[in-house]
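Those protein sequences? They're chains P and F, same order as listed.
So the first sequence is numbered by the numbering used here: it starts at 22 and just counts up by one.
So the second sequence is numbered by the numbering used here: it starts at 22 and just counts up by one.
Quick reminder that beta carbons are idealized off the backbone N, C-alpha and C, glycines included.
Comments concern the structure below.
2 protein chains.
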Amino acid sequence: MASTLKDVAILAGVSLTTASHCLNGKRANEQTREKVLAAAKKLKYHTSTIGRNLITNKSNTIGMYVLNSRNSRDMTEEITYYYGMMKGALACIQEHDYVFNFEVINWEELEEKNFIAKKVYGRSIDGMILVPQFMYHYGFLNLLEEEKFPYVIIDPKFGIKPENSVSVENFKGGYLASDYLISLGHKQIIFINGPENHIDSSTREQGFLTRLLESSIQYDRKQIIYSDFTHEGGYASVKKMLADHSLHPTALFCANDYMASGAIAALMEAGIRVPGDISVIGYDDTDIARCIYPKLTTIRIAVKDLGFLAAERVLNLIDNKMGVSHHEYSEILLAPTLVIRDSTRKL
Amino acid sequence: MASTLKDVAILAGVSLTTASHCLNGKRANEQTREKVLAAAKKLKYHTSTIGRNLITNKSNTIGMYVLNSRNSRDMTEEITYYYGMMKGALACIQEHDYVFNFEVINWEELEEKNFIAKKVYGRSIDGMILVPQFMYHYGFLNLLEEEKFPYVIIDPKFGIKPENSVSVENFKGGYLASDYLISLGHKQIIFINGPENHIDSSTREQGFLTRLLESSIQYDRKQIIYSDFTHEGGYASVKKMLADHSLHPTALFCANDYMASGAIAALMEAGIRVPGDISVIGYDDTDIARCIYPKLTTIRIAVKDLGFLAAERVLNLIDNKMGVSHHEYSEILLAPTLVIRDSTRKL
DNA sequence: GAAACCATATAAAACGTTTTACTCAATGCC
DNA sequence: GGCATTGAGTAAAACGTTTTATATGGTTTC
């Protein structure tokens, strides 16, 4: 049976209050403090988080929730991306002596199970980081706003207040990719994108197209192939592309590294050399990019920073709510960077 | 301000006790129940987990802790493996309406910060799943045993009680790999293993060697190259191997997929065809295996099942401790399986 | 018609902390 | 020496639940 503060107080021969003060570094005589500390050690006393949480009305816990869709099959593709983000958030949270509650949950269950309401009203977390994947409705935002609950959503969608948004400039990522390909002399570029309703797909596409327009490069809608962010999807897209003899691409831009790996596999199978015949550029800079041959040129997203900054922002929001300190907010927008490796070459 | 049970009771015009009973499906008149439920809905009442936890002396939370080493650099290689395990555990935990506390922590901090003691005595979790990576000392096990704290450790190490162990038959994995290579006619096999003190390395090695011995294949210690589970490590190992002209391998067994991907890159660079000249087999069946070209033959570990079973076991241990029910235990040992793809061929 | 039982409802205790308000003695100041 | 100030300590209230023991009124049983 774990010992309580009362046990410590009795053993040390002081009151509960004094014991509490000594352990929390509040006012106390040096002698009594030692007595109390000795007693605590002897009894292996550790503060009950539950008891403390109740009285302080804080759980010292941050929740991070990745929002899946039940319909979308279990994509291992999400792994690298979200694990990195999680580790970033975790690092920040541990630094601040908070506890981490990580979960992956379906949109459907989110509503059925009243997930958000339970977390908010159940007082089991002090703030939350939301990581949506698809552009569903954000009904739960009303609840969070109404309750002034500290939250951050990793999504640059219009309508989210800057203080609650931490995200990546997907526009810039798309822009960077096409800029680099154009600088290498490519004009015939196929864009293998993610699903049309995916959160990141459309903005990457806009950035990509904008840069093409700037160089007055003709671009046909059918040069964009919508896929599903998987290796197999990338593979199939290239097969489809090769079957269409009206297309003569010299470069491929894939909206993530998994699809790029699939694309490369399909090209190799068809005897097309990368980057000899066709250059390929990926997106995300996950492990895949380093591990395939040739090593993939890609757009890096600092997912770990993304997670870290999101956690930091949530902690700030909590501080502000508690009146501990006052932080000013602006929107956090991470710029992606170009990582040049071996899968692209000058025309 | 979130409403409390008291608010609900007042609005419904009943006592605190009655309100509690109604909400928890205990004895109650149907009319009063409706009144209470209506009041709860109107006030958006949700039970305070903290209040409940305090009185029930349960947190309904399971912790899962991946044990890193500060000395080992931040290996992204851990990602796929542990994220999968985590998702398995999470699935089981959510099914049972528990909360999930996931953290990655260094051995060093584990001791410095009294991590385990805080979790145990702080009563913030009801049970824990430990995922060590290296064979350090398991000093904390004493504490867990002494306090009869429900835990599971994902490690088949000798000395851990069967009820607390969930793990993979690494011996069998190594055995399977060499068995398959031998069946293809290979005799000259280089084994690129993980670090010597890594938890999984030595058992895989034993399995691998055992099978060779069964076929009376001569094996020299220098045919084992110890590396670090990274892509770069695998790459460097092959460079080293190629520099040693006394070696004439026809096959390579790599202790994980990352090293296999590095090995393949080095072979390709040297103009050696895979599997034409040298067959390569990996381990883990992570995303990498499917994404590289040629697709990697590998040993699959059902990491998700591993996590799920570990969580299930912890929940059982908690049940038993609480006297809710009685489960019998035996050691859980998952068998790895061989996944044949395109990186191996008959000699 | 008393005794026993039941369904329903409640008051009060309990969980382990922190914090507020208060006491008491010692010190410093004029 | 009187008065304010400080330091060290404590009792009691508070947080939001669940649970135990008890009360009330109504119904059944003999």
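- Task: Could you name the residues of the same chain whose beta carbon sits closer than 7 Å to that of residue 329 of chain P, not counting the 5 residues immediately before and after it, in chain order?
- Result: Contacts found: 109, 110, 112, 113.
- How close, in whole Å, do the beta carbons of residue 320 of chain F and residue 359 of chain F come, if the pair is a contact with beta carbons under 8 Å? The beta carbons of residue 320 of chain F and residue 359 of chain F sit about 6 Å from each other, so the pair counts as a contact at 8 Å.
- Query: If you draw a straight line from the alpha carbon of residue 23 of chain F to that of residue 169 of chain P, how long is it in whole angstroms?
  - Reply: Roughly 11 Å between the two C-alpha positions.
- Item | Within-8 Å CB hit, residue 314 of chain F to chain P | It does: the Cβ of residue 314 of chain F has a partner Cβ on chain P nearer than 8 Å.
- Separation of residue 68 of chain F from residue 32 of chain F, as counted between CA atoms: Looking at the two C-alpha atoms, the distance is approximately 16 Å.
- Message: Using the three-state DSSP reduction, which class does residue 256 of chain P fall into: helix, strand or coil?
- Response: Of the three classes helix, strand and coil, the one that applies to residue 256 of chain P here is helix, per DSSP.
- From the DSSP output, which residues share a beta bridge with residue 153 of chain F? According to DSSP, residue 153 of chain F bridges with F/88.
- For residue 317 of chain F, is the classification buried or exposed, using 16 other Cβ atoms within 10 angstroms of its Cβ as the cut-off for buried? Around the beta carbon of residue 317 of chain F, a 10 Å sphere encloses 16 or more other beta carbons of the protein chains shown; the residue is thus reported as buried.
- Message: Judging by CA-CA distance, which residue of F/157, F/53, F/312, F/294 is the nearest neighbour of residue 287 of chain P?
- Response: For the set F/157, F/53, F/312, F/294, the Cα lying nearest the Cα of residue 287 of chain P is the one of F/312.
- Message: Using a Cβ-Cβ cutoff of 8 Å, what residues of the stretch 65–79 of chain P are near chain F? List them in chain order.
- Response: Listed by position along the chain: 65, 66, 67, 68, 69, 70, 71, 72, 74, 75.
- Enclosing beta strand (DSSP E) for residue 124 of chain P [first to last residue]: That run of the beta strand (DSSP E) goes 120–127.
- Message: By alpha-carbon positions, which one of P/357, P/326, P/333, P/310 ends up nearest to residue 185 of chain P?
- Response: For the residues P/357, P/326, P/333, P/310, the minimum Cα distance to residue 185 of chain P belongs to P/333.
- Can you round the beta-carbon distance between residue 217 of chain F and residue 240 of chain F to whole angstroms, since I take them to be within the 8 Å contact cut? The Cβ separation is near 17 Å, so there is no contact.
- Less than 8 Å separating the beta-carbons of residue 131 of chain P and residue 162 of chain P? No. Outside cutoff.
- Task: Reducing DSSP to helix, strand and coil, say where residue 28 of chain P ends up.
- Result: Of the three classes helix, strand and coil, the one that applies to residue 28 of chain P here is helix, per DSSP.
- Message: Judging by CA-CA distance, which residue of F/274, F/38, F/115, F/223 is the nearest neighbour of residue 304 of chain F?
- Response: It is F/274 whose Cα lies nearest to the Cα of residue 304 of chain F.
- Item | residue 219 of chain P - partner residues in DSSP beta bridges | Paired residues: P/155.
- Mind listing the chain F neighbours of residue 143 of chain P? Cutoff is C-beta to C-beta under 7 Å, in chain order. Residues of chain F with a Cβ closer than 7 Å to the Cβ of residue 143 of chain P are, in chain order, 67, 68, 69, 70.
- If you measure beta-carbon to beta-carbon, which residues of the stretch 298–312 of chain F are closer than 7 Å to chain P? Within the stretch 298–312 of chain F, the qualifying residues are 308, 309, 311, 312.
- Query: Hey, quick one: how far does the alpha helix (DSSP H) through residue 196 of chain F stretch, first residue to last?
  - Reply: Run containing residue 196 of chain F: 191–204, per the alpha helix (DSSP H) assignment.
- Query: Which of the residues in the stretch 278–300 of chain P, read from start to end, lie with their CB under 7 Å from any CB of chain F?
  - Reply: Hits within the stretch, in order: 279, 282, 285, 286, 289.
- Sequence-distant residues of its chain with Cβ nearer than 7 Å to residue 341 of chain F (five each side left out): Excluding positions up to five away in sequence, the list reads 347, 348.
- Task: Name, please, each residue of chain P whose Cβ falls closer than 7 Å to the Cβ of residue 169 of chain F.
- Result: When 7 Å is used as the limit between beta carbons, residue 169 of chain F is near no residue of chain P, the shortest such separation being about 10 Å.
- Message: Does residue 285 of chain F come out as helix, strand or coil in the three-state DSSP assignment?
- Response: Note: residue 285 of chain F maps to helix in three-state DSSP.
- Message: If I follow the unbroken beta strand (DSSP E) through residue 212 of chain P, where does it start and stop?
- Response: First-last of the beta strand (DSSP E) with residue 212 of chain P: 210–214.
- By Cβ distance below 6 Å, which residues in the same chain neighbour residue 276 of chain P in space, the five residues on each side in sequence not counted? So the qualifying residues of the chain are 214, 215, 225, 304.
- CB-CB under 7 Å to residue 140 of chain P, same chain, minus the five flanking residues each way: which ones, in chain order? Shown here for residue 140 of chain P: same chain residues with a beta carbon closer than 7 Å to its own, the five before and five after excluded, namely 84, 146, 149 in chain order.
- Query: Are residue 77 of chain P and residue 308 of chain P close, meaning C-beta to C-beta below 8 Å?
  - Reply: No, Cβ-Cβ distance for residue 77 of chain P and residue 308 of chain P is not below 8 Å.
- Task: Give a yes or no on whether 8 Å exceeds the smallest Cβ distance from residue 111 of chain F to chain P.
- Result: With 8 Å as the cut-off, residue 111 of chain F counts as an interface residue toward chain P.
- Message: For chain P, check one thing: does any of its Cβ atoms lie closer than 8 Å to the Cβ of residue 35 of chain F?
- Response: No, its Cβ sits nowhere closer than 8 Å to a Cβ of chain P.
- Task: Go through its chain and collect everything with a Cβ distance to residue 206 of chain F's Cβ below 7 Å, but skip five positions before and after it.
- Result: Cβ neighbours of residue 206 of chain F beyond the five flanking positions: 367, 368.
- Query: Leaving out five residues before and five after residue 57 of chain F in sequence, what residues of the same chain have Cβ atoms less than 6 Å from its Cβ?
  - Reply: Shown here for residue 57 of chain F: same chain residues with a beta carbon closer than 6 Å to its own, the five before and five after excluded, namely 33, 40, 43 in chain order.
- Mind the definition here: the stretch 196–206 of chain P touches the stretch 255–268 of chain P only if three or more C-beta pairs lie below 8 Å; say whether that holds. Counting Cβ pairs under 8 Å, fewer than three are found: no touch.
- Message: Give me the chain P residues within the contact set of residue 23 of chain F, using Cβ-Cβ distance strictly less than 9 Å, ordered along the chain.
- Response: Per Cβ cutoff of 9 Å: 141, 142, 143, 144, 168.
- Task: Count the other C-beta atoms from every protein chain shown that fall within 10 angstroms of the C-beta of residue 343 of chain F, then say buried if there are 16 or more, exposed otherwise.
- Result: Under this definition residue 343 of chain F is an exposed residue.
- Item | Contact the stretch 117–133 of chain P vs the stretch 114–130 of chain F: 3+ CB pairs below 8 Å | Per the Cβ contact rule, the stretch 117–133 of chain P is in contact with the stretch 114–130 of chain F (3 or more Cβ pairs under 8 Å).
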